[in-house]
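Below is one structure, written out as structure tokens; comments come after it.
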Amino acid sequence: MALLETEDGFPIQFLPIELIETVAVYLTPKDLAACCAVSHRMREIFDEDMLWRRHCNRELAEYLKTTPCKLEPQFVSPESENSTLSPVSYWRMAFMRENHLWNNWRQGKNKTEQIKNQHSVVSPHYDNSICHIFHTSDVILGFFRDRIELLDVREYPAADATHPIRLHSNFSQETQLKSGNNMILTLRETWIQVHEVNLSLKVCSLKHEFFFNNAEKLSNSETFRPNSSKKCIYTMVGVFFIGVIKGESTMHIWNLESGEKLKEEFCPLVRSCQIMEIKTSDTKNLVISVKAGCNDVIVLAYSLTTLTYLTFKVTYQSNIGLYVCENHVGIHINNRLDVYNYETTDLLLKDQAVSSHPQFLHNNFVFITNKTLTFFNPKTRVLKSTPITGLTRFEIMCNRFIQVKRNWENEIWEISGVFERVKKIMMNLWFDSCAFYLNRTCTRYIVRTGVGNVIHFW
Numbered sequence: 015m016a017l018l019e020t021e022d023g024f025p026i027q028f029l030p031i032e033l034i035e036t037v038a039v040y041l042t043p044k045d046l047a048a049c050c051a052v053s054h055r056m057r058e059i060f061d062e063d064m065l066w067r068r069h070c071n072r073e074l075a076e077y078l079k080t081t082p083c084k085l086e087p088q089f090v091s092p093e094s095e096n097s098t099l100s101p102v103s104y105w106r107m108a109f110m111r112e113n114h115l116w117n118n119w120r121q122g123k124n125k126t127e128q129i130k131n132q133h134s135v136v137s138p139h140y141d142n143s144i145c146h147i148f149h150t151s152d153v154i155l156g157f158f159r160d161r162i163e164l165l166d167v168r169e170y171p172a173a174d175a176t177h178p179i180r181l182h183s184n185f186s187q188e189t190q191l192k193s194g195n196n197m198i199l200t201l202r203e204t205w206i207q208v209h210e211v212n213l214s215l216k217v218c219s220l221k222h223e224f225f226f227n228n229a230e231k232l233s234n235s236e237t238f239r240p241n242s243s244k245k246c247i248y249t250m251v252g253v254f255f256i257g258v259i260k261g262e263s264t265m266h267i268w269n270l271e272s273g274e275k276l277k278e279e280f281c282p283l284v285r286s287c288q289i290m291e292i293k294t295s296d297t298k299n300l301v302i303s304v305k306a307g308c309n310d311v312i313v314l315a316y317s318l319t320t321l322t323y324l325t326f327k328v329t330y331q332s333n334i335g336l337y338v339c340e341n342h343v344g345i346h347i348n349n350r351l352d353v354y355n356y357e358t359t360d361l362l363l364k365d366q367a368v369s370s371h372p373q374f375l376h377n378n379f380v381f382i383t384n385k386t387l388t389f390f391n392p393k394t395r396v397l398k399s400t401p402i403t404g405l406t407r408f409e410i411m412c413n414r415f416i417q418v419k420r421n422w423e424n425e426i427w428e429i430s431g432v433f434e435r436v437k438k439i440m441m442n443l444w445f446d447s448c449a450f451y452l453n454r455t456c457t458r459y460i461v462r463t464g465v466g467n468v469i470h471f472w
């Protein structure tokens, strides 16, 4: 076989492993599996971790290894006690688990469970939740009028991951919820409560409490007094909390770990202005839209590392939408898209016609232009059309699957990399981005309509 021997008949299994690794870069997982099936020696060589690791998601590999399947048929290891073959390598086994998960997506296999725990059985009035969001891939936050529950949905009915967080009587349906970095934030007007979560100990405790426009956090002995009614803008980046009172231009920046106020940052614009929107990404930077005067909307950037505004500044004479990924910002205005590097201030894409707001796939801007799904790589400045055409709408479900609307029909497509390969699949599901919430590992999602359901793919 050409795959197994060099042109002069030298068996490939006797080549240095470094050379085999170079060759394997051009092989698909299917090719690698075929090589493993040739002989014991070929299995030992092509089962190596270094050859399979690049085909796996490292975070997902550890998660699937330790998380039991809820969906039948469950993943079953191909290894048996009586096998004379060498054990399957860690990363090849990780790939098999991932492929089992993706096959469930491809085939539309899933399991639906209503979000409930033992309290649902005791009280018929239990299901009066306001919303549900994921805290981790397995733990859901159930937001009720008087409490927040942390529910482990690996079990059914869901198990209590910690005791509930009891909400103050001054909290209401207007209260917002944010989660991350082992913390849960409850936010109403300028009043912020920070709860620290330890799931291994099943403990959730109040860590800090403050009015974000005050200078210091509340002490344990202070009696809570409701603040005047104010609508606010909030965002959370790692351990940083940023709050703005609507109609004002001052950012109040806090460290959530220490409970210290770091800075009151005044807008550098000299004219009367107000902050309209704050967008974040995986970096410790903010992109901010500011309304100045009657018509101007000015886009600024801010560093949480140095606690200073960056030099980036662009002005528009109309309402805009901001779409931020790493150190790039897309500015959507009147069905046109501009893309900047806000750290260098370089304009990367100008007046690109778009018929949908952009979304992100592997740090690329993805949008519809001329009914064709198109992507823009801001690092290489490459603008490229995909084979998916005739579209009126799309939604990126995860880095592996995208849904589109074409000719009044809903379709699901599987994508490899950045549209290197695309394939329409037969999954009969329709996702509304406002009604579903996917976890980090793509193993479950929450349907927010009605009483709330969780859909399992693993």
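Okay, so the sequence shown: first residue is 15 according to the numbering used here, each after it adds one. Beta carbons are placed, not taken as given, at the ideal position from N, Cα and C, and that holds for glycine. Small disclaimer: the values here were computed from a predicted structure and weren't measured.
(message) Less than 8 Å between the beta carbons of V208 and L270, yes or no?
(response) yes
(request) Starting from H342, follow the beta strand (DSSP E) in both directions and report where the run begins and ends. (result) Under the DSSP assignment, H342 falls in the beta strand (DSSP E) whose first and last residues are 342-347.
(request) Compare the Cα-Cα distances from R72 to each of W105, V396, P87, I302 and report the closest residue. (result) For R72, the nearest C-alpha among the options comes from W105.
(request) List the endpoints of the continuous beta strand (DSSP E) containing D166. (result) 161-166
(message) Quick check: is any heavy atom of the ligand ZN less than 7 Å from the C-beta of I259?
(response) Looking at this structure, you won't find the ligand ZN or any other ligand, since it has none at all.
(request) Measure the CB-CB distance between K216 and E223 and report whether it falls below 8 Å. (result) no
(request) Using alpha carbons as the reference points, say which of I469, L220, E35 lies closest to S233. (result) L220
(request) Could you have a look at P43 and say whether DSSP puts it in helix, strand or coil? (result) helix
(message) For a test of the three-state rule: what should DSSP assign to Y356, helix, strand or coil?
(response) coil
(request) From the DSSP output, in three-state form, read off W427 for me. (result) strand
(message) Please report the distance separating the alpha-carbon of Q373 from that of Y354.
(response) 15 Å
(request) Note down the Cα distance separating M110 from M64, rounded to an integer number of angstroms. (result) 15 Å
(request) Within its chain, find whatever has a CB closer than 6 Å to the CB of L17; leave out the 5 residues flanking it on each side and keep chain order. (result) Any reading at L17 is ruled out, since the residue's pLDDT is 47, under 50, leaving its predicted position unreliable.
(request) Answer yes if the segment 151-160 comes into contact with the segment 453-463, meaning at least three C-beta pairs across the two stretches below 8 Å, and no otherwise. (result) The segment 453-463 is in contact with the segment 151-160.
(message) Could you pull the DSSP bridge partners for Q88 from this structure?
(response) Per DSSP, none; premise fails for Q88.
(request) Could you name the residues of the same chain whose beta carbon sits closer than 6 Å to that of D352, not counting the 5 residues immediately before and after it, in chain order? (result) For D352, where only same-chain residues beyond five positions count, the Cβ hits under 6 Å are I345, K364.
(message) Alpha carbons only, please: which of S295, W116, W205 is nearest the one belonging to L74?
(response) W116
(message) Between which residues of its own chain and S369 is the CB-CB distance below 6 Å, once the five residues before and five after are set aside?
(response) I382
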